[in-house]
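Asker:
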Amino acid sequence: MKTTFTALVAAGMMAAAPAMADLVVPNLSYRTGPYGANGTHYADGFNDYFTLLNERDGGIGGEKIQVPECETAYNTEKGVECYEATKDTGALVYNPLSTGITYQLIPKVGVDKKVLYTPGYGRTSGKNGKVFEWVFNAPANYWDGASVAIKYLLDENGGDLSGKKIALVYHNSAYGKEPIRTLQGLAEKHGFTLSEIPVDAPGQEQKSQWLQIRRDKPDYVIMYGWGVMNQAAIQEAANIRFPMENFIGIWWSGSEVDVLPVGAAANGYKALTFNGVGMDYPIYDDIKTHVIDPGKASQGGSHVGSALYSRGMYAAVVIAEAIRTAQELAGTAQISAEQLREGFENLEITPARLEEIGLPDFGPEIKLSCDNHGGSGMARLQQWDATAKQWSLITEFTEPDQEIIAPLIAEDSAAYAQEAGITPRDC
Amino acid sequence: MDQFFFAAEVVANGLMTGVMYSLVALGFVLIFKASGVFNYAQGVLALFAALTLVGIQQGQIPFADLINAAFGTSLHQFGWTVPAVLAIALTAGVMVLLAFLIEKLVLQHLVGQEPIILFMATIGLAYFLEGLGDVMWGADIKTLDVGLPQGISDAIEGATAEWFGYGFFIDRLDIWATLIAAILVAALVAFAQYTKQGRAMRAVADDHQAALSVGISLRFIWVMVWSIAGFVALVAGIMWGTKSGVQFSLSLIALKALPVLMLGGFTSIPGAIVGGLIIGVGEKLFEFFIGPMVGGATENWFAYVLALVFLVFRPQGLFGERIIERV
Chain D
1210 MKTTFTALVA AGMMAAAPAM ADLVVPNLSY RTGPYGANGT HYADGFNDYF TLLNERDGGI
1270 GGEKIQVPEC ETAYNTEKGV ECYEATKDTG ALVYNPLSTG ITYQLIPKVG VDKKVLYTPG
1330 YGRTSGKNGK VFEWVFNAPA NYWDGASVAI KYLLDENGGD LSGKKIALVY HNSAYGKEPI
1390 RTLQGLAEKH GFTLSEIPVD APGQEQKSQW LQIRRDKPDY VIMYGWGVMN QAAIQEAANI
1450 RFPMENFIGI WWSGSEVDVL PVGAAANGYK ALTFNGVGMD YPIYDDIKTH VIDPGKASQG
1510 GSHVGSALYS RGMYAAVVIA EAIRTAQELA GTAQISAEQL REGFENLEIT PARLEEIGLP
1570 DFGPEIKLSC DNHGGSGMAR LQQWDATAKQ WSLITEFTEP DQEIIAPLIA EDSAAYAQEA
1630 GITPRDC
Chain Y
121 MDQFFFAAEV VANGLMTGVM YSLVALGFVL IFKASGVFNY AQGVLALFAA LTLVGIQQGQ
181 IPFADLINAA FGTSLHQFGW TVPAVLAIAL TAGVMVLLAF LIEKLVLQHL VGQEPIILFM
241 ATIGLAYFLE GLGDVMWGAD IKTLDVGLPQ GISDAIEGAT AEWFGYGFFI DRLDIWATLI
301 AAILVAALVA FAQYTKQGRA MRAVADDHQA ALSVGISLRF IWVMVWSIAG FVALVAGIMW
361 GTKSGVQFSL SLIALKALPV LMLGGFTSIP GAIVGGLIIG VGEKLFEFFI GPMVGGATEN
421 WFAYVLALVF LVFRPQGLFG ERIIERV
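Heads up: the protein sequence lines correspond to chains D and Y, in order.
Following this note's numbering, the numbering of the first sequence begins with 1210 at its first residue and continues without gaps.
Following this note's numbering, the numbering of the second sequence begins with 121 at its first residue and continues without gaps.
#1: Heavy atom of the ligand FAD less than 7 Å from the Cβ of alanine 1626 of chain D, yes or no?
#2: Do three or more CB pairs link the region 1353-1360 of chain D to the region 1593-1610 of chain D at distances below 8 Å?
#3: Within the 8 Å Cβ cut-off, does glutamine 270 of chain Y reach chain D?
#4: Relative to the C-alpha of alanine 1511 of chain D, which candidate in D/Thr1632, D/Pro1243, D/Ser1371 and D/Ala1252 has its C-alpha closest?
#5: My output table needs one value for proline 1407 of chain D: the three-state DSSP class, helix, strand or coil.
#6: Looking only at C-alpha atoms, which of D/Asn1439, D/Phe1483, D/Asp1494 and D/Ile1501 sits nearest to valine 1471 of chain D?
#7: Would you identify the three-state DSSP class for alanine 1588 of chain D, choosing helix, strand or coil?
#8: Whole angstroms are fine: how far does the CA of alanine 1626 of chain D sit from the CA of alanine 1228 of chain D?
#9: Checking contacts by CB at 8 Å: is asparagine 133 of chain Y closer than that to chain D?
#10: Which residues of the region 1430-1444 of chain D have a Cβ closer than 7 Å to any Cβ of chain Y? Give them in chain order.
#11: So which residues on chain D does threonine 137 of chain Y lean against when the C-beta distance must stay under 7 Å?
#12: Using DSSP bridges, identify the partner residues of phenylalanine 1456 of chain D.
#13: Relative to the C-alpha of threonine 172 of chain Y, which residue among Y/Gly411, Y/Thr315 and Y/Leu210 is closest?
#14: Let me see if you follow: with CB-CB separation under 8 Å, is alanine 1535 of chain D close to chain Y or not?
#15: Straight-line CA distance for lysine 1373 of chain D to threonine 1402 of chain D?
#16: Determine the direct distance from the alpha carbon of glutamate 1278 of chain D to that of alanine 1224 of chain D, and round the result to whole angstroms.
#17: From this set, Y/Asn133, Y/Phe191 and Y/Pro412, which residue's C-alpha is nearest isoleucine 272 of chain Y's C-alpha?
#18: Check whether the region 1542-1560 of chain D touches the region 1478-1486 of chain D, counting contact only when three or more Cβ pairs, one atom from each stretch, lie closer than 8 Å.
#19: Say whether chain D places a C-beta atom closer than 8 Å to the C-beta of threonine 298 of chain Y.
#20: Can you give me the Cβ contacts of phenylalanine 220 of chain Y inside the same chain, cut-off strictly under 6 Å, excluding the 5 residues immediately before and after it?
#21: Which residues, in order along the region 1449-1465 of chain D, keep a beta-carbon less than 7 Å from a beta-carbon of chain Y?
#22: Would you mind reading off the limits of the alpha helix (DSSP H) that contains lysine 153 of chain Y?
#23: Tell me the rounded alpha-carbon separation between tyrosine 1523 of chain D and lysine 1386 of chain D.
#24: Along the alpha helix (DSSP H) that carries tyrosine 1361 of chain D, what are the first and last residues, could you check?
#25: Whole angstroms are fine: how far does the CA of lysine 1576 of chain D sit from the CA of alanine 1347 of chain D?
#26: Give me the residue from D/Tyr1518, D/Arg1265, D/Glu1342 and D/Val1276 with the minimum Cα distance to threonine 1249 of chain D.
#27: Against chain D, which members of the region 265-295 of chain Y pass a CB distance test of less than 7 Å?
#28: For alanine 1300 of chain D, which residues from the same chain have a beta carbon less than 8 Å from its beta carbon, with the 5 sequence-adjacent residues on both sides left out?
#29: DSSP state of alanine 1595 of chain D, grouped into three classes?
#30: Can you have a look at alanine 275 of chain Y and say buried or exposed, based on whether 16 or more other CB atoms are within 10 angstroms of its CB?
#31: Three or more C-beta pairs under 8 Å: does that hold for the region 239-246 of chain Y against the region 177-185 of chain Y?
#32: Tell me whether glutamate 1414 of chain D sits in a helix, a strand or coil according to DSSP, three-state version.
#33: Comparing the C-beta of phenylalanine 408 of chain Y with each C-beta of chain D, is any distance below 8 Å?
#34: With which residues is tyrosine 1303 of chain D paired in a DSSP beta bridge?
#35: Can you give the Cα-Cα distance for glycine 1268 of chain D and isoleucine 1544 of chain D, rounded to whole angstroms?
#36: Relative to the alpha-carbon of leucine 1503 of chain D, which residue among Y/Thr298, Y/Lys316 and Y/Ser194 has its alpha-carbon at the smallest distance?
This is the structure in structure tokens:
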């Protein structure tokens, strides 16, 4: 009896754990809790791209990719538990889609030698590869986003923002506070007035904040929100008749779930993005043939093509390309996390490569190195059409103002290096 | 002078927001008053009611994902939509059915247990309903539209601009919420005062044993109270769901009701209203005057600090019953 039980337990563990030869990319997702609606779309896109590679190409370099999913509910403790539970399964890289979880994992991945990939979120100064050896945040970070938004407003105002008033409505958390220093620097440089308006999580009630905006009459509002805060803010903006075309959200405030509940009043709202939108890309034919039609799509394929699905898919594309690069460098398909880190540091995704993948012009060109883990930081703007219920890209990819951002990254990463006792690498 | 009018506008909006908090608090009060149970699941009841309302209204097939996963089908919609009024009535029916099931499957087995046991049961119920709502109707954010208007009231803005030279912002949804809350409270008070069932409810609230001894059915009263609380949750769900979509966060509005209850008292319907108004105005004024000095986002903090102060000086709340237990 005891032997049978032991055999059953062993068989169960073998069935649950990924085969050691596979490439393991855990998906620390959240499909429940206050941010579950956002997390579900992203996780589906992430899963489906790896399913496509497995079904169409037999994996990457002949190695299948395993994507074990672990529910974090956007809770930092659960996120760390998920990391601890999966790190010894041969996991190569983590993408937890949470700045809070990222901050907790940064010291851990250095010890465990795992790659932490946080596209568009996490610790901004993770861009500095000299200090953050295991962290990558290409193609863009929070500070890039703030700068691209201001560059867009400069373009809209003939290159002059002096005397203009810009309000930052932000999630009162580590994430929401990220752009403040950048925007303060940009305000000083370009002569606009910045007002900072925090919103406590989850952010369903924002009357005070929008009454203040109605009174102060800023020319533009920039939002760093997430979850219900986005819908409530866009609704309140519509309520006070704030012009939607002057309201710009960061990429985490620019999905369909943020604008659809507001209906027609959300028409014209803008948001930053570092990835393409819509389904007008050849890759979706392959996803249909190899993933959706055979019934292998994550959650039945109901979110295919949404803004957050596209971003999750794009994260998977970047990871897959880094794995491919690592395999070429190592001369083996069965790479380790250390080799994947090398792959990331030598990653180059050109427009031609994106076209080959079936995603022409979907993201900015990415070229990483030992010291640059964040890429060019380019982003573009999208605008919501409430009638057609879709986003349209309204600008080309724009470079952020590195004159402001680079010193801030150097300063913040130096502070971290001192605090963590890290000697920056020579790159 | 503008500053004065702006403060007045903040007060007016605070009162309206307070009404929205009161709508959630009312459900807690009803169940606590009748059974001494603090219903942790009240916020989730509002979410579940709103999810059910949208599902019925949009002709969504319940458990569609589960059915599709089990049978390989691709079912999502019935292909019809239901008018808002009928959908609200049907959802109210679902809430009554839910109340019946809660009594039958949970409360009946816990008769005579300590209140803390019943409280723990409602925690379990909250998690169960959260999952059930997701499985029944899906986790996506849903748009709720029962025809309630939203946005600034032009009439009020125009009139105040003419009178004071400063156009006040009042959200039309908040005006409706105030009217509906007033009708709801009047109906609840009338029900409790003038109907046989209402008097039975009050008798149970006063003394379970005495009520049982005169032939009042405790089971019936519990089903009735949970049904009413379910209906109040539906109203709260409609108001908050219209504001920012129907999604998980709707269940977190219960956190806004807690300081209201601490302030108004757990057993008083007028207390829930007055408590809501005080919290609404207080947090908005604090954010307006003090918020900018301390970095803002003070509302949640202020509501609980105010409630704490009341707890110290008046533990039973403004309108709660003082509990005196003699040794």
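Where a beta carbon is used, it is the ideal one built from N, C-alpha and C, also for glycine.
Answerer: In short:
#1: The ligand FAD is absent from the structure shown, which contains no ligand whatsoever.
#2: A contact exists between the region 1353-1360 of chain D and the region 1593-1610 of chain D.
#3: Flagged as an interface residue toward chain D: glutamine 270 of chain Y, by a C-beta distance shorter than 8 Å.
#4: The identity of residue 1511 of chain D in the sequence shown is serine, whereas the question assumes alanine. Nearest C-alpha to serine 1511 of chain D: D/Ala1252.
#5: When secondary structure is reduced to three states using DSSP, proline 1407 of chain D falls in the strand class.
#6: Checked all of D/Asn1439, D/Phe1483, D/Asp1494 and D/Ile1501; the closest Cα to valine 1471 of chain D is D/Asn1439.
#7: Three-state DSSP puts alanine 1588 of chain D in a strand.
#8: Residue confidence for alanine 1228 of chain D is low, a pLDDT of 47 falling below 50, so the modelled location carries little weight and cannot support an answer.
#9: True, the Cβ-Cβ gap to chain D drops below 8 Å.
#10: Per Cβ criterion, the list reads Gly1436, Val1437, Gln1440, Ala1441 and Gln1444.
#11: For threonine 137 of chain Y, the C-beta contacts it makes with chain D under 7 Å involve Glu1414 and Lys1416, in order along the chain.
#12: Paired residues: D/Val1430.
#13: Residue nearest to threonine 172 of chain Y within the set Y/Gly411, Y/Thr315 and Y/Leu210 is Y/Leu210 (criterion: CA-CA distance).
#14: Not one chain Y Cβ lies under 8 Å of alanine 1535 of chain D.
#15: In this structure, the CA atom of lysine 1373 of chain D is about 6 Å from the CA atom of threonine 1402 of chain D.
#16: Annotation note: pLDDT 44 at alanine 1224 of chain D (below 50); position unreliable, no value reported.
#17: That would be Y/Asn133, whose Cα lies nearest to the Cα of isoleucine 272 of chain Y.
#18: At 8 Å Cβ cutoff, the stretches do not touch.
#19: Threonine 298 of chain Y does not count as touching chain D.
#20: Around phenylalanine 220 of chain Y: Val343.
#21: Sequence-ordered contacts of the region 1449-1465 of chain D with chain Y read Ile1449 and Arg1450 [C-beta pairs closer than 7 Å].
#22: Here the alpha helix (DSSP H) through lysine 153 of chain Y covers 122-155.
#23: Linking tyrosine 1523 of chain D to lysine 1386 of chain D through their CA atoms gives a straight-line distance of about 25 Å.
#24: 1351-1365 is the extent of the alpha helix (DSSP H) around tyrosine 1361 of chain D.
#25: The straight-line gap separating the alpha-carbon atoms of alanine 1347 of chain D and lysine 1576 of chain D is approximately 9 Å.
#26: Of the listed residues, the one whose Cα sits closest to threonine 1249 of chain D is D/Tyr1518.
#27: From the region 265-295 of chain Y, only Gln270, Gly271, Ile272, Phe289 and Asp291 have a Cβ closer than 7 Å to chain D.
#28: Cβ within range, chain order: Val1233, Val1234, Pro1235, Lys1323 and Ala1546.
#29: Residue state, collapsed to three classes: coil.
#30: Label assigned to alanine 275 of chain Y: exposed.
#31: Contact fails: fewer than three Cβ-Cβ distances are below 8 Å.
#32: If DSSP states are grouped into helix, strand and coil, glutamate 1414 of chain D belongs with coil.
#33: Nearest CB-CB separation between phenylalanine 408 of chain Y and chain D: below the 8 Å threshold.
#34: The bridge partners DSSP lists for tyrosine 1303 of chain D are D/Leu1325.
#35: Just so you know, the alpha carbons of glycine 1268 of chain D and isoleucine 1544 of chain D end up roughly 13 Å apart.
#36: Contrary to the premise, residue 1503 of chain D reads as proline rather than leucine in this sequence. Among Y/Thr298, Y/Lys316 and Y/Ser194, the Cα nearest to that of proline 1503 of chain D is on Y/Ser194.
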